[in-house]
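**Student:** Would you mind keeping the following structure in view while I ask a few things?
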Amino acid sequence: MIELLLTVVFVLMGSQMIQGGFLRAADVFGRYSSTLKMMLWAEEQNARAREALLKDGSEGSTGGTLALDGREYSWEQTAQMLPERNLHAIRLSVAWAESGRPQTLQKEIYVYKKDLSQGP
Amino acid sequence: MFTKKTSRRARRGFSLLELLLVMSLAPIVFFVVYSNFAMGVRLWQRLQIATPEEDRAIFLIKARRDFQNMRRFSSLPFQGSVEEVAYASSIEAPSALGLGRGIGQVRYYFDDSSGAIFREVRDYSRLYEDKDGVRTLLLKGVRSFSLAYLVKEPPSSEYEWKEEYLPEKPSSLPMAVRLTYETDGASQPVEQTLIIGAGGALS
Numbered sequence: 015m016i017e018l019l020l021t022v023v024f025v026l027m028g029s030q031m032i033q034g035g036f037l038r039a040a041d042v043f044g045r046y047s048s049t050l051k052m053m054l055w056a057e058e059q060n061a062r063a064r065e066a067l068l069k070d071g072s073e074g075s076t077g078g079t080l081a082l083d084g085r086e087y088s089w090e091q092t093a094q095m096l097p098e099r100n101l102h103a104i105r106l107s108v109a110w111a112e113s114g115r116p117q118t119l120q121k122e123i124y125v126y127k128k129d130l131s132q133g134p
Numbered sequence: 304m305f306t307k308k309t310s311r312r313a314r315r316g317f318s319l320l321e322l323l324l325v326m327s328l329a330p331i332v333f334f335v336v337y338s339n340f341a342m343g344v345r346l347w348q349r350l351q352i353a354t355p356e357e358d359r360a361i362f363l364i365k366a367r368r369d370f371q372n373m374r375r376f377s378s379l380p381f382q383g384s385v386e387e388v389a390y391a392s393s394i395e396a397p398s399a400l401g402l403g404r405g406i407g408q409v410r411y412y413f414d415d416s417s418g419a420i421f422r423e424v425r426d427y428s429r430l431y432e433d434k435d436g437v438r439t440l441l442l443k444g445v446r447s448f449s450l451a452y453l454v455k456e457p458p459s460s461e462y463e464w465k466e467e468y469l470p471e472k473p474s475s476l477p478m479a480v481r482l483t484y485e486t487d488g489a490s491q492p493v494e495q496t497l498i499i500g501a502g503g504a505l506s
């Protein structure tokens, strides 16, 4: 009887450990997958903002929500001139929930654009 | 050797209580083992679906890093067409010259017959001898691939996307390169802009 109960307890404990491993693997994979996707999306958004800044000097902030593969990502982007002459910074932050935990990603690029109104 | 007690017990078999316990515990154990197995299978299926998407993302990350290593080099000018792009970059030096890094040519192109995007690296000796470089498969399962270049050059001096890059000076570089490609199973083409840090024409 004791042997039987011990066997059952050990089987259940082992099973729980395997299940925990699976859940952790799924969690890590989900986080990695979302971060990878958002990293590329954010870089593309920043590249487009850089293009707009170079072409027509578009600055300011914008934001919104992006729905991708059943998950919602909220994002905010700012493009502003820095105190250093002719230098602009474009910053993008993305936030989403991964297994109930908040995740964030931030990407920043700098753009050099000569302001001809300031003289040579 | 069995003791008297054990041999009597062995002859007697299981008691009703033991049998009931086994019968009640067995489904619990089976259920837990089965749920673990099912979860493992689900996870495996999800990984199989997601892997091509991750491959695409890893390809873009590699390409981005490669384009960031681009160099202005007048003897190896930037060559860009809609099908392929070649430029001077920091590469691993040939082993004959010792370990380290040197300048070479990196080429990205799409091979229609195999449906894949390749990266080819040629060091100076291979370029001089007009030999093929070291080819690496970057992304397979590609249906179409095209390139465009963001330039700002006279006479218009406006930023615009062009399908071919014709540098004003041998050391000129575009401001950015846009890759557009479509992969098997994807619903729409992917567009990714790779910024060239050292880009732009020299004044």
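The listed protein sequences correspond, in order, to chains A and B.
So for the first sequence, the working numbering puts the first residue at 15; every next one is plus one.
So for the second sequence, the working numbering puts the first residue at 304; every next one is plus one.
Note that beta-carbon positions come from the ideal geometry of N, C-alpha and C, so glycine has one too.
Please identify, using Cβ separations under 8 Å, the residues of the region 334–354 of chain B that lie next to chain A, in order along the chain.
**Tutor:** Val335, Val336, Ser338, Asn339, Met342, Gly343, Leu346, Arg349, Leu350 and Ala353
**Student:** Would you kindly report the start and end of the unbroken beta strand (DSSP E) that includes alanine 103 of chain A?
**Tutor:** 101–112
**Student:** Three-state secondary structure (DSSP) at methionine 52 of chain A?
**Tutor:** Note: methionine 52 of chain A maps to helix in three-state DSSP.
**Student:** Can a CB atom of chain B be found closer than 7 Å to the CB of serine 29 of chain A?
**Tutor:** yes
**Student:** Using a Cβ-Cβ cutoff of less than 7 Å, which residues in the same chain neighbour glutamate 395 of chain B once the five nearest sequence positions on both sides are dropped?
**Tutor:** Arg404
**Student:** May I ask you to report which of helix, strand or coil DSSP gives serine 506 of chain B?
**Tutor:** Unreliable positioning characterises serine 506 of chain B in this predicted model, as indicated by a pLDDT of 47, which lies under 50. The coordinate reading is nonetheless provided below. Reduced to three states, the DSSP call for serine 506 of chain B is coil.
**Student:** Pop quiz: arginine 446 of chain B and glutamate 387 of chain B are said to be a contact at Cβ under 8 Å. What is the actual Cβ separation, rounded to whole angstroms?
**Tutor:** At roughly 17 Å, the Cβ-Cβ gap does not stay under 8 Å, so arginine 446 of chain B and glutamate 387 of chain B are not in contact.
**Student:** Please determine if the region 437–445 of chain B and the region 414–424 of chain B are in contact, where contact requires at least 3 C-beta pairs separated by less than 8 Å.
**Tutor:** Output reads yes: the region 414–424 of chain B touches the region 437–445 of chain B.
**Student:** Does the region 77–91 of chain A come close enough to the region 55–65 of chain A that 3 or more CB-CB pairs lie under 8 Å?
**Tutor:** yes
**Student:** From the beta carbon of alanine 40 of chain A, is the nearest beta carbon of chain B less than 7 Å away?
**Tutor:** yes
**Student:** What would DSSP say about glutamine 13 of chain A, mapped onto helix, strand or coil?
**Tutor:** Any answer about residue 13 of chain A is impossible in this case: the structure gives chain A only from 15 up to 134.
**Student:** Quick one: using the 10 Å Cβ neighbour count with 16 as the cut-off for buried, is glutamate 467 of chain B buried or exposed?
**Tutor:** Looking at its Cβ environment, which holds fewer than 16 other Cβ atoms inside 10 Å, glutamate 467 of chain B is exposed.
**Student:** Are there 16 or more other CB atoms within 10 angstroms of the CB of aspartate 83 of chain A, so buried, or fewer, so exposed?
**Tutor:** With fewer than 16 other Cβ atoms within 10 Å, it is exposed.
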